[in-house]
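For reference, the structure discussed in these notes is given below.
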Amino acid sequence: MATNGNSPSPAMGEIIQLNVGGTRFSTSRQTLMWIPDSFFSSLLSGRISTLRDETGAIFIDRDPTAFAPILNFLRTKELDLRGVNISVLRHEAEFYGITPLVRRLLLCEELDRSSCGSVLFHGYLPPPAIPPRKSSSAPDERPGPSGAEGFTRVSPLPHPSLSDSPCDDTEKLVPIVDPRKVLIVAGHHNWIVAAYAHFVICYRIKESSGWQQVFSSPYLNWTIERVALNAKVVGGPHGDKDKMVAAASESRIILWSIQDGGSGNEIGVFSLGVPVDDLFFIGSQLVATSHTGKVGVWNAVTQHWQVKLR
1 MATNGNSPSP
11 AMGEIIQLNV
21 GGTRFSTSRQ
31 TLMWIPDSFF
41 SSLLSGRIST
51 LRDETGAIFI
61 DRDPTAFAPI
71 LNFLRTKELD
81 LRGVNISVLR
91 HEAEFYGITP
101 LVRRLLLCEE
111 LDRSSCGSVL
121 FHGYLPPPAI
131 PPRKSSSAPD
141 ERPGPSGAEG
151 FTRVSPLPHP
161 SLSDSPCDDT
171 EKLVPIVDPR
181 KVLIVAGHHN
191 WIVAAYAHFV
201 ICYRIKESSG
211 WQQVFSSPYL
221 NWTIERVALN
231 AKVVGGPHGD
241 KDKMVAAASE
251 SRIILWSIQD
261 GGSGNEIGVF
271 SLGVPVDDLF
281 FIGSQLVATS
291 HTGKVGVWNA
301 VTQHWQVKLR
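Structural data, given as structure tokens:
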């Protein structure tokens, strides 16, 4: 039978028995009172009337699950958040007036809260079909624009397969990349590009139909290391409806133009002359940079590729 607060003050004893929401806890008076002006300081000093259960333990009608880490903090001054809802724990800590704990939990909530937005898309895109390899082993050369100083155009270098050439011990140790494993993802507006080892796939999202595959590149005979996407090319040959995607490996860069209907054309294969460290679009310009100081720029309006030393 619970009795109201005419019992001897719990401050007279060292061991305090608590009944929080039906769960019993034992602790010391010193543990509960080291924070001034807290709920427990007021309770044990007699400023708050107490309600006791049939065993004489002080009854507190609060969540026992949240009270356990609070009592642990009072004992050790350490915070263990494993399996704890931070928001619920902070609410309970505010009720008990545990100010140091409240401050820590507010900081934890700030760290968990994204300051630059959150997940825009979460879903599953089925793995695409792998594009067929080209049957010809000769380099594929295509006519292209020229005329700018420093313009360099190259065709993809042949990359013989293990079955087409003799292999020494070193070649046998080269790791094989899973052709269906996504290596890089980039996004721009309502488009994303997924780069696999030897090809890229572009997807576009519409509110009515969700994510749809729009473009698949041909199979490349070299492993893709960088990728860039521009979903709104201003001043392109087809107006503002052009999309562009580029992929790079070592010093080589291949660029495609994609129309709204999904048809894509290879604009060209270019060389920076040194390994490409970064690949990105600035407006209608494709920019490739290297730690050596070389910068390659392709302009959608002039259709020229230039390499400069910055």
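In the UniProt record's numbering, the protein residues as written are 1 to 310.
Glycine included, each C-beta is placed from N, C-alpha and C at the ideal position.
Every alpha helix (DSSP H) stretch that sits fully inside the UniProt domain "BTB" (14-83) and reaches 4 residues is listed by chain position as 29-33, 39-44 and 64-76. For V185, same chain residues with a beta-carbon under 8 Å away, outside a window of 5 residues either side, are I192, V193, A194 and A195 in chain order. Around the Cβ of L309, a 10 Å sphere holds fewer than 16 other Cβ atoms; the residue is exposed. Residue environment analysis places A66 among the buried positions, since at least 16 neighbouring C-beta atoms fall within 10 angstroms of its C-beta.
In this structure, F215 is the residue among A300, F215 and L81 with its C-alpha nearest to the C-alpha of I130. For the pair D61 and H91, the Cα-to-Cα distance works out to about 14 Å. Apart from sequence neighbours up to five positions away, the residues of its chain that approach D80 with a beta-carbon distance below 8 Å are P69 and N72, ordered along the chain. If you look at V88, you'll find it in the alpha helix (DSSP H) that goes I86 to Y96. For A288 and L89, the gap between their C-alpha atoms comes out near 49 Å. Here the alpha carbons of T76 and G46 stand approximately 25 Å from one another. DSSP places V274 outside both helix and strand once states are collapsed to three, so it counts as coil. The bridge partners DSSP lists for R252 are S249 and S271. Shortest Cα-Cα distance from I267 to any of I205, I254, K232 and V274 involves I254. Shortest Cα-Cα distance from S41 to any of V84, F95, D53 and R204 involves F95. In the structure shown, the three-state DSSP call for V185 is strand. In the assembly as shown, Y203 is a buried residue. Its beta-carbon has 16 or more other beta-carbons within 10 Å. Listed in chain order, the non-local C-beta contacts of Q213 below 7 Å within the same chain comprise P128, I201 and Y203, local neighbours out to five positions each way being set aside. Less than 8 Å separates the beta-carbon of L74 from that of T31. Collapsing the DSSP output to three states places E109 in a helix. According to the DSSP assignment, S216 belongs to the beta strand (DSSP E) that extends over G210 to S216. The C-beta distance from A246 to L286 rounds to 5 Å, short enough to meet the 8 Å contact threshold. Ranking I224, S209, W211 and S208 by CA distance to the CA of R180 puts I224 first. Beta-bridge analysis with DSSP links W305 to W298. Distances from the CA of R29 to each of G21, D37 and Q17 were compared; the closest alpha carbon is that of Q17. Per DSSP, the beta-bridge partners of S257 are M244 and N265. The alpha-carbon separation between F39 and A228 amounts to approximately 57 Å. Cα atoms of V233 and S284: separation of roughly 5 Å, rounded to the nearest angstrom.
DSSP places L286 inside the beta strand (DSSP E), whose first and last residues are Q285 to T289.
Each residue's CA atom was taken as its position, placing G56 and T50 some 10 Å apart. Residue N190 holds the alpha-carbon nearest to the alpha-carbon of E207 among H198, S26, N190 and P218.
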